[in-house]
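Asks:
There are 2 protein chains.
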Amino acid sequence: MNHFADRLLQAIEHKGSPICVGLDPVLERLPESLRGGVSPGRAEDAAHAIEAFCNEVLRLVAPFAPCVKIQSACFERYLWPGLRTYQRLIAEARALDMLVIADVKRGDIGASTEHYAAGCLAEPPYTDLGPLAGPDAVTVNPYMGADALEPFIRIATEQGKGVFALVRTSNTGGERIQSVKTAAGPAVADRVAELVAEMGDEPGLRGERGYSLLGAVVGATAPADAARMRRLMPRQVFLVPGFGAQGGGAEDVQACFNADGKGAIITASRSVLYAYQQQDTADWRSAIRRAAEQMAGEIRKVVG
Amino acid sequence: MNHFADRLLQAIEHKGSPICVGLDPVLERLPESLRGGVSPGRAEDAAHAIEAFCNEVLRLVAPFAPCVKIQSACFERYLWPGLRTYQRLIAEARALDMLVIADVKRGDIGASTEHYAAGCLAEPPYTDLGPLAGPDAVTVNPYMGADALEPFIRIATEQGKGVFALVRTSNTGGERIQSVKTAAGPAVADRVAELVAEMGDEPGLRGERGYSLLGAVVGATAPADAARMRRLMPRQVFLVPGFGAQGGGAEDVQACFNADGKGAIITASRSVLYAYQQQDTADWRSAIRRAAEQMAGEIRKVVG
Numbered sequence: 001m002n003h004f005a006d007r008l009l010q011a012i013e014h015k016g017s018p019i020c021v022g023l024d025p026v027l028e029r030l031p032e033s034l035r036g037g038v039s040p041g042r043a044e045d046a047a048h049a050i051e052a053f054c055n056e057v058l059r060l061v062a063p064f065a066p067c068v069k070i071q072s073a074c075f076e077r078y079l080w081p082g083l084r085t086y087q088r089l090i091a092e093a094r095a096l097d098m099l100v101i102a103d104v105k106r107g108d109i110g111a112s113t114e115h116y117a118a119g120c121l122a123e124p125p126y127t128d129l130g131p132l133a134g135p136d137a138v139t140v141n142p143y144m145g146a147d148a149l150e151p152f153i154r155i156a157t158e159q160g161k162g163v164f165a166l167v168r169t170s171n172t173g174g175e176r177i178q179s180v181k182t183a184a185g186p187a188v189a190d191r192v193a194e195l196v197a198e199m200g201d202e203p204g205l206r207g208e209r210g211y212s213l214l215g216a217v218v219g220a221t222a223p224a225d226a227a228r229m230r231r232l233m234p235r236q237v238f239l240v241p242g243f244g245a246q247g248g249g250a251e252d253v254q255a256c257f258n259a260d261g262k263g264a265i266i267t268a269s270r271s272v273l274y275a276y277q278q279q280d281t282a283d284w285r286s287a288i289r290r291a292a293e294q295m296a297g298e299i300r301k302v303v304g
Numbered sequence: 305m306n307h308f309a310d311r312l313l314q315a316i317e318h319k320g321s322p323i324c325v326g327l328d329p330v331l332e333r334l335p336e337s338l339r340g341g342v343s344p345g346r347a348e349d350a351a352h353a354i355e356a357f358c359n360e361v362l363r364l365v366a367p368f369a370p371c372v373k374i375q376s377a378c379f380e381r382y383l384w385p386g387l388r389t390y391q392r393l394i395a396e397a398r399a400l401d402m403l404v405i406a407d408v409k410r411g412d413i414g415a416s417t418e419h420y421a422a423g424c425l426a427e428p429p430y431t432d433l434g435p436l437a438g439p440d441a442v443t444v445n446p447y448m449g450a451d452a453l454e455p456f457i458r459i460a461t462e463q464g465k466g467v468f469a470l471v472r473t474s475n476t477g478g479e480r481i482q483s484v485k486t487a488a489g490p491a492v493a494d495r496v497a498e499l500v501a502e503m504g505d506e507p508g509l510r511g512e513r514g515y516s517l518l519g520a521v522v523g524a525t526a527p528a529d530a531a532r533m534r535r536l537m538p539r540q541v542f543l544v545p546g547f548g549a550q551g552g553g554a555e556d557v558q559a560c561f562n563a564d565g566k567g568a569i570i571t572a573s574r575s576v577l578y579a580y581q582q583q584d585t586a587d588w589r590s591a592i593r594r595a596a597e598q599m600a601g602e603i604r605k606v607v608g
């Protein structure tokens, strides 16, 4: 079984709940014991502290999360030390039997998209940089149209990976573009949804369970939108950010699932990573573990 | 004078033509003398060959080009060796007195955009990675709305830098989203243009010459679109890709300029970098120099 959506659905069944933990590490929010020795001008120190934290997070959430989403921005800001940490975390998450979504939101055309697909999604072909692993899936920005998706889809098809196109994002600022009504009636995001559904339905892209390797990012903060998106994209797996810190609750995400309780994966980042701050406890490991377990339980009830 | 648009306009006057050379290096298209020793599995070798080529290109085009655009995808695919090369080329271009646009097309929200703005645009604050320089400007994807632009604009304001938002891209695939008519009449790209014009007109964003530090990417392949974009965004500098290899000619770009011949910078990548292949000559240095000089002359005629 080498189709991304099949692998994802199986991993969800194995772990028992369709959740994804987002690794969006911020140096300033790390536990004092980890960030204490970091000098602000040293990228290597910052990357090491973040790596130590994220490795612990991976270990703590692995029993509950079929999937993690790694936010590349948090690592890119530390230049090459950050990028090395990012790549090591991809390998570590995969070793812990979690699927990895690289949240890179790249979007370009022509040869540039080919480069991004090779660099952000494909298995790295290099032998001179130590052991490397590519992610299982990637997020992509569709503003430049089908051209921005095609090279990613090709590599995903060849390598058993997935692609999530941004369709309706969870921020209110996105409404200014995505919610604009088109002359034909539907909003801009609906047109993007149609494009994604159409591209994702091309021959060879659907797995045994019926879902396409081309999925969609659909925010959890607008349930009516989510229900419409579900109708427009029945064969897309939805990656649903906005649970927890961004304001979405368990009921808000219900509309993102198909009637059989499948077809979506719900992601939370800050509400899990920084649970120890919300709970005002120094025992950050227990707080993270508890937050992941609790989230898994809440979402399980929604789809149950 | 520390406003990006003022600096760019001055650099254009100094060099005599509003052109930008795009560094989109592809290993397979490098001169044989540079790529001959590169083993395909070695990222370090590839990054070194690309760096040697790009350093020569920078030196050759510096007399003609006020500005270079560095396509990050071409470097990211070689992981950290690529990223080191990318950062060294930014520093090298600035040392040669050219402005540098980092063509990263990032687009995210909230804390992630803050990270991207810090990593892709700001002057790097690190002391442990050797000498570093940030670019003068960056390209950004606005599909997620104002949230995707604001942190970039803030850093640009603080550090005398610029931001170019994708509005109307040069690929035909982009039409599927960008050319969709909205219920109010104008196309989606026009609504994005309005957002960019509005955000770019906020207090403190315009320079002495009247242009905003928030510019727009507007393709050269649809002159009627470009003229409408010019009316919608009179205070935006247009970064115009698509000249040369992507099909746009000198007349096609005319509509991107204001009546005084200012307000746009025309970029070409492959038609300059690989001029030696089109001209079927082994003297790649002369071919690149000639292509840059010729392009500067053609565009000078358009704005003269």
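Protein chains in written order, with the working numbering: chain A, 1 to 304; chain B, 305 to 608. Glycine included, every Cβ here is placed at the ideal spot set by N, Cα and C.
Could you work out which residues of chain A lie near residue 446 (chain B), taking near to mean beta carbons separated by less than 8 angstroms?
Replies: Neighbours of residue 446 (chain B) on chain A, chain order: 143 and 177.
Asks: So, using beta-carbon positions, are residue 256 (chain A) and residue 238 (chain A) closer together than 7 angstroms?
Replies: It is a contact, given that the beta carbons lie within the stated cut-off.
Asks: So residue 426 (chain B) and residue 463 (chain B) are supposed to be a Cβ contact under 8 angstroms. How far apart are they, rounded?
Replies: Indeed they touch by this definition, with Cβ atoms about 6 angstroms apart.
Asks: Apply the 10 Å Cβ neighbour rule to residue 141 (chain A) and answer buried if 16 or more other Cβ atoms are within range, or exposed otherwise.
Replies: With 16 or more other Cβ atoms within 10 Å, it is buried.
Asks: The ligand NAP and residue 173 (chain A): does the residue's C-beta get closer than 6 angstroms to at least one heavy atom of that ligand?
Replies: In the structure on display, the ligand NAP does not appear, and there are no ligands present to speak of.
Asks: Does the Cβ of residue 524 (chain B) have 16 or more other Cβ atoms within 10 Å, making it buried, or fewer, making it exposed?
Replies: Burial call: buried.
Asks: From residue 16 (chain A) to residue 42 (chain A), what distance separates their C-alpha atoms?
Replies: The straight-line gap from Cα to Cα measures roughly 41 angstroms.
Asks: Taking residue 159 (chain A) as the query, report the chain B residues whose CB atoms sit under 9 angstroms from its CB, ordered along the chain.
Replies: The contacting residues do not exist; residue 159 (chain A) stays about 15 angstroms from chain B at best.
Asks: Just to confirm my understanding: we take residue 75 (chain A), look at its own chain, exclude 5 residues before and 5 after, and list those with CB closer than 7 angstroms. What are they?
Replies: These residues qualify, in order along the chain: 82, 83, 85 and 86.
Asks: Name the DSSP beta bridge partners of residue 243 (chain A), please?
Replies: Answer by DSSP bridge pairing, in chain order: A:248.
Asks: Please classify residue 309 (chain A) as buried or exposed, where buried requires at least 16 other C-beta atoms within 10 Å of its C-beta.
Replies: Nothing can be reported for residue 309 (chain A), as the shown portion of chain A is limited to 1 through 304.
Asks: Can you look up residue 343 (chain B) in the DSSP assignment and give me helix, strand or coil?
Replies: Coil.
Asks: Go ahead and label residue 589 (chain B) buried or exposed: buried means 16 or more other beta carbons lie within 10 angstroms of its beta carbon, across all protein chains shown.
Replies: Under this definition residue 589 (chain B) is an exposed residue.
Asks: Is residue 337 (chain B) helix, strand or coil by DSSP?
Replies: Looking at residue 337 (chain B) - three-state DSSP - the assignment turns out to be helix.
Asks: Which of the three DSSP states is assigned to residue 566 (chain B) in this structure?
Replies: Here residue 566 (chain B) sits in coil by DSSP.
Asks: Below 8 angstroms on the Cβ atoms is my contact criterion, and I expect residue 368 (chain B) with residue 597 (chain B) to pass it. Report the Cβ-Cβ distance as a whole number of Å.
Replies: Rounded, the Cβ-Cβ distance is 5 angstroms, consistent with contact.
Asks: List the whole-angstrom C-beta distance separating residue 382 (chain B) from residue 406 (chain B), where the pair is believed to meet the contact cut-off of C-beta under 8 angstroms.
Replies: Contact doesn't hold; Cβ gap of about 16 angstroms is too wide.
Asks: How would you label residue 435 (chain B), buried or exposed, when you count the other beta carbons within 10 angstroms and need 16 or more for buried?
Replies: Exposed, by the Cβ-count rule.
Asks: Report the option in B:557, B:569 and B:374 whose CA atom is closest to the CA atom of residue 315 (chain B).
Replies: Answer by Cα proximity: B:569.
Asks: Since residue 428 (chain B) meets chain A, which of its residues come closer than 7 angstroms, beta carbon to beta carbon?
Replies: Going along chain A in sequence order, the residues near residue 428 (chain B) (Cβ under 7 angstroms) are 79.
Asks: Given residue 397 (chain B), which residues of its chain have a CB within under 6 angstroms of its CB, disregarding the five upstream and five downstream residues?
Replies: 362, 372 and 404, listed in sequence order.
Asks: Return the first residue and the last residue of the beta strand (DSSP E) that residue 313 (chain B) is part of.
Replies: Looking at the DSSP string, residue 313 (chain B) is not in any beta strand (DSSP E); the run it does join, the alpha helix (DSSP H), is 308-319.
Asks: Which bits of chain A does residue 432 (chain B) rub up against, with CB to CB less than 8 angstroms?
Replies: In chain order: 41, 42, 43, 44 and 45.
Asks: Assuming the contact rule is C-beta atoms closer than 8 angstroms, residue 116 (chain A) and residue 356 (chain B) should be a hit. Round their C-beta distance to whole Å, please.
Replies: With 8 angstroms as the limit, residue 116 (chain A) and residue 356 (chain B) do not qualify as a contact, their Cβ atoms being about 23 angstroms apart.
Asks: Quick one: using the 10 Å Cβ neighbour count with 16 as the cut-off for buried, is residue 306 (chain B) buried or exposed?
Replies: So residue 306 (chain B) counts as exposed.
Asks: Could you name the residues of the segment 352-371 of chain B whose beta carbon sits closer than 7 angstroms to any beta carbon of chain A, in the order they occur along the chain?
Replies: If the cut-off is 7 angstroms between Cβ atoms, the segment 352-371 of chain B has nothing near chain A.
Asks: How should residue 203 (chain A) be labelled, buried or exposed, when 16 other C-beta atoms within 10 angstroms of its C-beta is the threshold for buried?
Replies: By the neighbour-count rule (16 or more Cβ atoms within 10 Å), residue 203 (chain A) is not buried but exposed.
Asks: What is the residue span of the alpha helix (DSSP H) that residue 157 (chain A) lies within?
Replies: Run containing residue 157 (chain A): 150-159, per the alpha helix (DSSP H) assignment.
Asks: Among A:192, A:171 and A:182, whose alpha-carbon lies nearest the alpha-carbon of residue 164 (chain A)?
Replies: Taking only the C-alpha atoms, the option nearest residue 164 (chain A) is A:192.
Asks: What residues of chain B sit near residue 108 (chain A), judged by a beta carbon separation below 7 angstroms?
Replies: In chain order: 377 and 409.
Asks: If I'm right that residue 339 (chain B) touches residue 353 (chain B) with Cβ under 8 angstroms, what's the distance once you round it to whole angstroms?
Replies: Indeed, because the Cβ distance is near 5 angstroms, the residues count as touching under 8 angstroms.
Asks: Once DSSP output is grouped into helix, strand and coil, what is the label at residue 400 (chain B)?
Replies: DSSP places residue 400 (chain B) in coil when its eight states are reduced to three.
Asks: Can you give the beta carbon distance from residue 199 (chain A) to residue 149 (chain A), rounded, assuming they're within the 8 angstroms contact cut?
Replies: Yes, residue 199 (chain A) and residue 149 (chain A) are in contact; Cβ-Cβ is about 6 angstroms, under 8 angstroms.
Asks: Under 9 angstroms, CB to CB, which of the residues in the segment 473-501 of chain B have a partner in chain A?
Replies: The segment 473-501 of chain B vs chain A, Cβ under 9 angstroms: 473, 474, 475, 476, 477, 478, 479, 480, 481, 482, 484, 485, 486, 487, 488, 489, 492, 495, 496 and 499.
Asks: Do the CB positions of residue 120 (chain A) and residue 89 (chain A) come within less than 7 angstroms of each other?
Replies: No, Cβ-Cβ distance for residue 120 (chain A) and residue 89 (chain A) is not below 7 angstroms.
Asks: Is the CB of residue 239 (chain A) under 7 angstroms away from at least one CB in chain B?
Replies: With 7 angstroms as the cut-off, residue 239 (chain A) does not count as an interface residue toward chain B.
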